[in-house]
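Written out below as structure tokens is the structure these notes cover.
There are 2 protein chains.
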Amino acid sequence: MGTAERKAKEKEELKARILGAAKKLFAEKGIEQTTIRSIAKEIEYSVGTVYVYYKDKTEILHDLHQQGFAQLGGEFRALFHVSDPMERLKALGRIYMKFALENTQMYDLMFNMKAPMEFIKANEDHHWKEGNATFDALRKTVQECLDHGYFKGHQLEPLSFAIWGSVHGMCSLYIRDRVKAATGQEPDQLMNSAYEDLMFMFSRK
Amino acid sequence: MGTAERKAKEKEELKARILGAAKKLFAEKGIEQTTIRSIAKEIEYSVGTVYVYYKDKTEILHDLHQQGFAQLGGEFRALFHVSDPMERLKALGRIYMKFALENTQMYDLMFNMKAPMEFIKANEDHHWKEGNATFDALRKTVQECLDHGYFKGHQLEPLSFAIWGSVHGMCSLYIRDRVKAATGQEPDQLMNSAYEDLMFMFSRK
DNA sequence: TTGTTTTATTGAACAACGTTCATTATGTTT
DNA sequence: AAACATAATGAACGTTGTTCAATAAAACAA
Chain A
28 MGTAERKAKE KEELKARILG AAKKLFAEKG IEQTTIRSIA KEIEYSVGTV YVYYKDKTEI
88 LHDLHQQGFA QLGGEFRALF HVSDPMERLK ALGRIYMKFA LENTQMYDLM FNMKAPMEFI
148 KANEDHHWKE GNATFDALRK TVQECLDHGY FKGHQLEPLS FAIWGSVHGM CSLYIRDRVK
208 AATGQEPDQL MNSAYEDLMF MFSRK
Chain B
28 MGTAERKAKE KEELKARILG AAKKLFAEKG IEQTTIRSIA KEIEYSVGTV YVYYKDKTEI
88 LHDLHQQGFA QLGGEFRALF HVSDPMERLK ALGRIYMKFA LENTQMYDLM FNMKAPMEFI
148 KANEDHHWKE GNATFDALRK TVQECLDHGY FKGHQLEPLS FAIWGSVHGM CSLYIRDRVK
208 AATGQEPDQL MNSAYEDLMF MFSRK
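So the sequences go chain by chain: A and B.
Using our numbering, the letters of the first sequence correspond one by one to residues 28 to 232.
Using our numbering, the letters of the second sequence correspond one by one to residues 28 to 232.
Structure, rendered in structure tokens:
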């Protein structure tokens, strides 16, 4: 029957509106200021309604973190037309860093905050498919680099993780306000120079 | 007069007890469970008393983060008897990582959480002396490495930051539960292998 | 010792948070 | 039109960090 379908669609729509409001507030004010009440106010519904569509806040944050991975994943996929693996690796890192610096709150949610992982632990089968897919893109590229004679003597898995960790670390220190505070340098400039330094070392045959 | 001195000492003592209780709860239960009320309960004082000695929670967390840096700084200083700079660099990284994995909550506070930096911004002159001192130990060692012909063509400042970021990134991903979730590997083992991989690349002349 | 003043401690009360759930409103079906 | 099902509500609960008038304790002065 048609009513059931329409209702299902309406429910989907409202859920999407909730998520949209959360995303907006999240990007604008950060997670601290993104309360359930503020989300409800944004879409002009009551607090209770939010809880009809989302069982708790971690589920909202998990959905949000998925959107972030959808975006980053898309940008990653677009880079697979770069055939030279080392060039692609550098490009992947650049895009990753750009994403982090331009979407600090979202990056923080994806790679630093505990909420999404807690949701996965509690509701899904401990399997972080978004993280896996993204890491796969890196791993695949690193494997091709190995095949082309780069990273001689290194093993795929730890090497890939080390590369991920390296870029993530700089982004993380940036987002969590440690860069300027510790180095005294202009952060954005330092980030770029440091990234070049890293990639230079990585790309030595 | 003697009473004033004694009183000052007693105040110091109680403040230290508050911090000690905070440290204990913090290490045991994590920051989420370390509430002002739980600290007050631990030392058998009322909530109000805590606020006589600490103006707010960020100040407690800042003092705690200082203790962490005192410990890490001490371990760093002990490594300066290693004369070979590259050996020392490797040792510094190892100790840093060991500290992170063995004191996850404290490391998180020192390098990830916002509270200590917010306190510094609001109360001190924007100068993160703990971070500066620690970064200096790294920078000094990196400079000696440069003097010994390592890292040819790199600049001290961005290079040092890149190295810090690399190790921090792996620790951070570990602490924030992304390692196993994304790689599917046994985390501790992966951390060690990845660290070796990094240091191998760093130490190439 | 007694009265006065200063200092230390208290815990009820506040605002804001995530969350719940009986109640109300709306829409659908018979 | 009545009966039923679904959706939306917002007051209320338990916790959080934080404040502050009231109380207790200690120090000082006579």
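C-beta: ideal position from N, C-alpha, C; glycine also.
Straight-line Cα distance separating residue j from residue i
i, j, result
"B/R64", "A/S187", "44 Å"
"B/A35", "B/L41", "10 Å"
"B/V85", "B/A118", "Per the sequence shown, the amino acid found at residue 85 of chain B is Thr instead of Val. Rounded to the nearest angstrom, the two C-alpha atoms are 32 Å apart."
"A/R104", "B/D163", "40 Å"
"A/L116", "A/K125", "14 Å"
"A/V194", "A/P185", "14 Å"
"B/S230", "B/F178", "8 Å"
"B/R166", "A/L217", "14 Å"
"A/G100", "B/P112", "40 Å"
"B/L136", "A/A31", "50 Å"
"A/S73", "A/Q60", "17 Å"
"B/A48", "B/F146", "20 Å"
"B/D224", "A/I66", "45 Å"
"A/Q98", "B/E69", "46 Å"
"A/G196", "A/A43", "32 Å"
"B/T155", "A/E129", "The identity of residue 155 of chain B in the sequence shown is Trp, whereas the question assumes Thr. If you take the alpha carbons of B/W155 and A/E129, they lie about 25 Å apart."
"B/E71", "B/L52", "14 Å"
"B/Q170", "B/H181", "10 Å"
"B/P23", "B/L88", "With chain B covering only 28 through 232, there is no way to say anything about residue 23 of chain B."
"A/M228", "B/M228", "7 Å"
"A/G158", "B/K38", "49 Å"
"A/I190", "B/E102", "27 Å"
"A/K141", "B/H175", "42 Å"
"B/D90", "A/S110", "51 Å"
"A/L173", "B/A54", "41 Å"
Per-residue burial, residue i [other beta carbons within 10 Å of its own, 16 or more giving buried]
i, result
"A/T168", "buried"
"B/N150", "exposed"
"A/F107", "exposed"
"B/H153", "exposed"
"B/D215", "exposed"
"A/K56", "exposed"
"B/K232", "exposed"
"A/G120", "buried"
"A/R205", "buried"
"A/R33", "exposed"
"A/G75", "exposed"
Beta carbon proximity, residue i to chain A, threshold 9 Å
i, result
"B/F188", "yes"
"B/K234", "Residue 234 of chain B cannot be examined here, being either before or after the span of chain B that is shown, 28 to 232."
"B/L136", "no"
"B/D204", "yes"
"B/D224", "yes"
"B/Q98", "no"
"B/E184", "yes"
"B/Q94", "no"
"B/Q212", "yes"
"B/S193", "yes"
Within-9 Å CB hit, residue i to chain B
i, result
"A/A209", "yes"
"A/F229", "yes"
"A/L217", "yes"
"A/A221", "yes"
"A/K141", "yes"
"A/M144", "yes"
"A/M197", "yes"
"A/I66", "no"
Rounded distance between the beta-carbons of residue j and residue i, thought under 8 Å
i, j, result
"A/I45", "A/Y78", "Between A/Y78 and A/I45 the Cβ distance is about 10 Å, and since that is not below 8 Å, they are no contact."
"A/L200", "B/G29", "So it is not a contact: roughly 49 Å between Cβ atoms."
"B/N139", "A/N139", "7 Å"
Checklist entry - Between the stretch 157–178 of chain A and chain B, which residues of the former have a C-beta closer than 7 Å to a C-beta of the latter? => result Residues of the stretch 157–178 of chain A whose Cβ lies closer than 7 Å to any Cβ of chain B, in chain order: G158, N159 and F162.
Checklist entry - Looking at chain A, which residues of the stretch 102–131 of chain B have a Cβ within less than 9 Å of any of its Cβ atoms? => result none
Checklist entry - Along the stretch 73–92 of chain B, what residues have a CB closer than 9 Å to any CB found in chain A? => result Taken residue by residue, none of the stretch 73–92 of chain B has a beta-carbon sitting less than 9 Å from a beta-carbon on chain A.
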